[in-house]
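These protein sequence lines are chains A and B, in that order.
Quick note, the first sequence lines up with residues 1 to 115 if you use the numbering used here.
Quick note, the second sequence lines up with residues 1001 to 1117 if you use the numbering used here.
Every residue gets a Cβ at the ideal spot worked out from N, C-alpha and C, and that includes glycine.
Predicted model only: the values in this text are computed from it and were never measured.
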Amino acid sequence: SQQGEEDPQALSIQEGENATMNCSYKTSINNLQWYRQNSGRGLVHLILIRSNEREKHSGRLRVTLDTSKKSSSLLITASRAADTASYFCATRPLRGETSGSRLTFGEGTQLTVNP
Amino acid sequence: DAGVTQSPTHLIKTRGQQVTLRCSPISGHKSVSWYQQVLGQGPQFIFQYYEKEERGRGNFPDRFSARQFPNYSSELNVNALLLGDSALYLCASSLSPTGGTPYNEQFFGPGTRLTVL
Chain A
1 SQQGEEDPQA LSIQEGENAT MNCSYKTSIN NLQWYRQNSG RGLVHLILIR
51 SNEREKHSGR LRVTLDTSKK SSSLLITASR AADTASYFCA TRPLRGETSG
101 SRLTFGEGTQ LTVNP
Chain B
1001 DAGVTQSPTH LIKTRGQQVT LRCSPISGHK SVSWYQQVLG QGPQFIFQYY
1051 EKEERGRGNF PDRFSARQFP NYSSELNVNA LLLGDSALYL CASSLSPTGG
1101 TPYNEQFFGP GTRLTVL
């Protein structure tokens, strides 16, 4: 079963609008990562935020992390039709555990950006 | 530079059959992980291999096995296929199995779509 939960499950917006997706998780983490997936293809790494960071930016992406609430958000500003994809958060457990570098993914948010 | 490659792209099998999926990591990457993604869900961790040794296993039955070769490529085997094994199987490579640095992010291949009839 998935540790993470994203909401909303689906989001439809117009080009130029901002899109915000949220992710919650259950266990202590080393870092949290966001991935993008187009039409059931491979995952593309977007951004990584460590457990001691609160906010991170990369181009039009802004990620926040609240470890006290075990939640993260991904904001895509000035969205484009090409941003249409599924977005997943994934957590890496704390070091020292036997899980190596396994990632635990959420269920994903399907984002549709209408031209 | 070539990214992570997986073969075959698509595969159709019938219940009870066996399947082998292949993955070639990015050059220089020594760790390979396998994930199963059922339609409409997020990927689930199956295995991680590093330097030909298993370094992690997810909650999958013993019908699932894997191995890593000296050139760091990897195979995932699934025996006695069930309808529920139909999924996209993703392979990811990274430099090493541990860490939380950007230099150790996992790079995913395009996946193998397995359909079990």
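Where residue i falls: helix, strand or coil (DSSP)
| i | result |
| --- | --- |
| Lys1013 (chain B) | strand |
| Gln1036 (chain B) | strand |
| Asp1085 (chain B) | helix |
| Thr27 (chain A) | coil |
| Ser1065 (chain B) | strand |
| Glu5 (chain A) | strand |
| Val1116 (chain B) | strand |
| Ala1092 (chain B) | strand |
| Phe1107 (chain B) | strand |
| Gln1006 (chain B) | strand |
| Asn1071 (chain B) | coil |
| Pro1102 (chain B) | Caution is warranted here: a pLDDT of 47 is assigned to Pro1102 (chain B), below 50, making its placement in the model unreliable, and the coordinate value is therefore given only provisionally. Of the three classes helix, strand and coil, the one that applies to Pro1102 (chain B) here is helix, per DSSP. |
| Ser1024 (chain B) | strand |
| Ala1080 (chain B) | coil |
| Gly40 (chain A) | coil |
DSSP bridge partner residues for residue i (one or two, in chain order)
| i | result |
| --- | --- |
| His45 (chain A) | A:Tyr35 |
| Phe1047 (chain B) | B:Trp1034 and B:Arg1057 |
| Asn114 (chain A) | A:Gln14 |
Beta-carbon separation (whole angstroms), residue i vs residue j, contact threshold 8 Å
| i | j | result |
| --- | --- | --- |
| Gln1017 (chain B) | Leu1081 (chain B) | 5 Å |
| Phe1113 (chain B) | Leu1090 (chain B) | It is Arg, not Phe, that sits at residue 1113 (chain B) in the sequence shown. About 10 Å separates the two Cβ atoms, so there is no contact after all. |
| Glu1075 (chain B) | Arg1022 (chain B) | 6 Å |
| Ser1093 (chain B) | His1029 (chain B) | 4 Å |
| Arg54 (chain A) | Leu65 (chain A) | 6 Å |
| Thr109 (chain A) | Leu11 (chain A) | 6 Å |
| Glu6 (chain A) | Glu107 (chain A) | 6 Å |
| Ser1031 (chain B) | Gln1048 (chain B) | 7 Å |
| Gly42 (chain A) | Gly1109 (chain B) | 5 Å |
| Phe88 (chain A) | Gln9 (chain A) | That pair is no contact at about 12 Å. |
| Ser1073 (chain B) | Pro1025 (chain B) | 7 Å |
Residue i versus the options, residue with shortest Cα-Cα distance
| i | options | result |
| --- | --- | --- |
| Ser73 (chain A) | A:Glu17, A:Asp83, A:Ser28 and A:Ile47 | A:Ile47 |
| His1010 (chain B) | B:Ala1002, B:Tyr1049 and B:Thr1020 | B:Thr1020 |
| Gly1084 (chain B) | B:Gly1058, B:Leu1117 and B:Glu1053 | B:Leu1117 |
| Tyr25 (chain A) | A:Asp83, A:Arg36 and A:Ala90 | A:Ala90 |
| Asn30 (chain A) | A:Ala10, A:Gly106, A:Arg102 and A:Ile76 | A:Arg102 |
| Phe105 (chain A) | B:Pro1008, B:Ile1012 and B:Ile1046 | B:Ile1046 |
| Thr112 (chain A) | A:Asp83, A:Leu94 and A:Pro93 | A:Asp83 |
| Ala19 (chain A) | A:Tyr87, A:Leu75, A:Glu107 and A:Arg80 | A:Leu75 |
| Pro1043 (chain B) | B:Gly1003, B:Asn1077 and B:Phe1060 | B:Phe1060 |
| Glu1054 (chain B) | B:Arg1067, B:Gln1037 and B:Tyr1072 | B:Arg1067 |
| Ser79 (chain A) | A:Ala10, A:Glu6 and A:Gln14 | A:Gln14 |
| Val1078 (chain B) | B:Val1032, B:Tyr1050 and B:Thr1115 | B:Thr1115 |
| Ser86 (chain A) | A:Tyr35, A:Thr27 and A:Asn22 | A:Tyr35 |
| Gln1036 (chain B) | B:Gly1058, B:Phe1069, B:Ala1002 and B:Tyr1072 | B:Gly1058 |
| Pro1070 (chain B) | B:Ser1007, B:Tyr1050 and B:Thr1005 | B:Tyr1050 |
| Ile49 (chain A) | A:Cys23, A:Asn38 and A:Ala81 | A:Cys23 |
| Leu1006 (chain B) | B:Ile1012, B:Lys1013, B:Arg1015 and B:Trp1034 | The identity of residue 1006 (chain B) in the sequence shown is Gln, whereas the question assumes Leu. Measuring from the Cα of Gln1006 (chain B), the nearest candidate turns out to be B:Trp1034. |
| Arg1015 (chain B) | B:Gly1040, B:Gly1111, B:Phe1107 and B:Arg1063 | B:Arg1063 |
Q | 3-residue-minimum beta strand (DSSP E) runs that sit fully inside the stretch 46-91 of chain A, ordered along the chain | A | Entirely contained in the stretch 46-91 of chain A, the beta strand (DSSP E) runs reaching 3 residues are, in chain order, 55-58, 61-66 and 71-76.
Q) Which of the residues in the stretch 1022-1042 of chain B, read from start to end, lie with their CB under 9 Å from any CB of chain E? A) No chain E is present in this structure, whose protein chains are A and B.
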